[in-house]
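In the working numbering, the protein residues as written are 34 to 169.
Input: a single structure, listed below in structure tokens.
Pasting the structure below:
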């Protein structure tokens with residue numbers, strides 16, 4: 034039977050931010066999560082933080098991974114890494130954040146080269162065309 038103290042401890046349970054980011058599957062390892070936090074890519078409630086900082090439900094996180102930025106609210110705490118379907122339940126991402134990421138992904142997809150770049154060494158025919166074009 035649980036005591037009131039144990040129930041209060043579970044309600045006020047806090048988890049290290051690097052451990053939570055790893056459990057929520059934003060990073061593959063805690064070390065990568067800690068590096069991102071130390072690098073200023075993770076903000077807790079609008080300010081920079083440290084890997085050992087404890088988070089609680091309702092905290093707002095801003096996570097930058099590559100060109101994408103996630104704006105999330107912590108919904109649940111977990112210190113164990115669970116399957117991806119369960120990890121999604123640990124946070125709620127804002128609609129604006131999702132829309133911005135999708136828009137950015139579409140822009141990056143349109144800017145990507147379409148395969149016109151040569152792969153590897155040019156063939157003899159291509160080399161002759163390059164020489165003729167450059168005049169060398």
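Backbone N, C-alpha and C define an ideal beta-carbon position, used for all residues, glycine too.
Quick one: measure Cβ to Cβ for residue i and residue j, integer angstroms, because I've assumed they're closer than 8 angstroms.
i	j	result
residue 60	residue 47	Not confirmed; about 19 angstroms, so no contact.
residue 112	residue 66	That belief does not hold up - the Cβ atoms of residue 112 and residue 66 are roughly 13 angstroms apart, past 8 angstroms.
residue 105	residue 132	Contact doesn't hold; Cβ gap of about 14 angstroms is too wide.
residue 8	residue 122	In this structure the chain extends from 34 to 169, so residue 8 is not present and cannot be described.
residue 58	residue 74	Actually they do not touch by this definition, with Cβ atoms about 16 angstroms apart.
Based on the DSSP secondary-structure assignment, which residues constitute the bridge partners of residue i?
i	result
residue 126	105
Ends of the alpha helix (DSSP H) at residue i?
i	result
residue 11	No answer is possible for residue 11: it lies beyond the span of the chain, which begins at 34 and ends at 169.
Taking 7 angstroms as the cut-off, is the beta-carbon of residue i closer than that to any non-hydrogen atom of the ligand GTP?
i	result
residue 52	The ligand GTP is absent from the structure shown, which contains no ligands of any kind.
Return the chain-ordered ranges of every alpha helix (DSSP H) run that is complete within the stretch 49-120 and spans a minimum of 4 residues. Assignment of alpha helix (DSSP H) within the stretch 49-120, counting only whole runs of 4 or more residues, yields 50-56, 63-71 and 117-120 in chain order.
Count Cβ pairs between the stretch 86-101 and the stretch 113-120 that sit closer than 8 angstroms; are there 3 or more? Cβ pair count under 8 angstroms is below three, so no.
Does the pairing of the stretch 84-92 with the stretch 154-162 give three or more beta-carbon distances under 8 angstroms? No contact exists between the stretch 84-92 and the stretch 154-162.
Kindly confirm or deny that the stretch 50-57 and the stretch 70-85 touch, where touching means at least three C-beta pairs closer than 8 angstroms. Segments in contact, yes.
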